[in-house]
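Heads up: the sequence shown begins at 1 in the UniProt record's numbering, then just goes up one per residue.
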Amino acid sequence: MAIINRGFGGRRGTSDPRLPPGQTLVDDWPVLTAGPTPDISTDEWSFTITTEAGVQHRWDWTTLHDAGAEDIVTDIHCVTHWSRLGMSWRGVSVDRLFEDVETSCDFVMVRTHDGYTTNVPLDDLLEGQAWIATEADGEPLTAEHGGPARLLVPHLYFWKSAKWVAEMRMMPTDEPGFWEQNGYHLRGDPWREERYW
């Protein structure tokens with residue numbers, strides 16, 4: 001898979017306390033993609049949570065928004081050393097989507113519409129820590145940034161915030177996704193610099 005990276009122009013040496021170690025502050029939003037960008041319309045987009053028992057909870061574009069979107073302002077940090085601070089988002093809290101989900105599993109495999117996967121502990125998705133985001137900077141998400149909807153888990157490195165999110169499948173044990181199989185850390189906490197195994 002080819003990795004597409006337009007690069008970024010950042011500022012090193014900032015002493016902003018919101019910047020994790022090893023990160024460079026940027027004002028733009030660099031595009032990094034592990035493959036071609038899919039074109040998914042809101043009419044064909046869907047999202048599913050699948051439990052270990054095979055029970056599926058499914059949302060289309062309308063029912064996702066019916067769950068209640070909220071505004072979020074947060075910092076994001078990419079494993080490739082850039083960070084953007086105070087970024088505005090709009091999305092539906094993952095907490096709302098798990099309200100009727102019965103599971104005893106502690107881990108989730110996130111799958112996207114283009115087949116990408118990443119593993120996330122369930123504890124990192126609940127209690128106001130993650131969203132299915134549909135807007136950024138006051139505009140609908142473009143395809144290159146994961147539109148029409150992406151996962152947003154801002155307290156972890158940004159590869160965990162999977163673009164074009166399609167499913168969360170419950171797992172009893174932690175298993176690596178795409179980048180994790182290729183040497184990235186299983187969790188990805190930027191404050192601990194959990195970049196690689």
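Each residue gets a CB set at the ideal place from its N, CA and C atoms; glycine is no exception. Predicted model, so just to flag it, every value in this text is computed and none were measured.
> Start and end of the beta strand (DSSP E) containing Trp45?
Replying inline: Stepping through the sequence shown from its first residue, residue 45 is reached at position 45. Careful: Trp45 lies outside any beta strand (DSSP E) and carries neither H nor E.
>> I'd like to check one pair, Leu152 with Gly91: are the Cβ atoms closer than 7 Å?
In response: Residue 91 sits at position 91 when you count from the first residue of the sequence shown. Residue 152 sits at position 152 when you count from the first residue of the sequence shown. Closer than 7 Å, so yes.
> Which of the three DSSP states, helix, strand or coil, is assigned to Val31?
Replying inline: For the purposes of this step, residue 31 is identified with residue 31 of the sequence shown, where counting begins at 1. In this structure, Val31 counts as coil in the three-state DSSP scheme.
> Skipping 5 residues on each side, what residues in its chain have a beta carbon closer than 8 Å to that of Glu139?
Replying inline: The residue you call residue 139 lines up with position 139 of the sequence shown. Excluding sequence neighbours, Glu139 sits near nothing in its chain.
> In the structure shown, what three-state DSSP assignment does Phe98 receive?
Replying inline: Stepping through the sequence shown from its first residue, residue 98 is reached at position 98. Note: Phe98 maps to coil in three-state DSSP.
> Among Gly147, Asp137, Ser104, which one has its Cα closest to the Cα of Gly86?
Replying inline: One-based indexing of the sequence shown puts residue 86 at position 86. Ranking Gly147, Asp137, Ser104 by Cα distance to Gly86 puts Asp137 first.
> What separation, rounded to the nearest whole angstrom, lies between the Cα atoms of Arg150 and Asp174?
Replying inline: The count along the sequence shown starts at 1 and reaches residue 150 at position 150. The count along the sequence shown starts at 1 and reaches residue 174 at position 174. The straight-line gap from Cα to Cα measures roughly 21 Å.
> In chain order, what residues of the same chain have a beta carbon less than 7 Å from the beta carbon of Tyr196, not counting five sequence neighbours either side?
Replying inline: What you label residue 196 is simply residue 196 of the sequence shown in a count that begins at 1. Result list for Tyr196: Gly183, Tyr184, His185, in chain order.
>> Per the DSSP calculation, Leu156 is bridged to which residue(s)?
In response: As a working note, residue 156 is residue 156 in the sequence shown. DSSP lists no partner for Leu156.
>> Please give the ranges of any beta strand (DSSP E) in the stretch 46-75, keeping only runs that are unbroken, at least 3 residues long and fully inside the region.
In response: 46-50, 56-60
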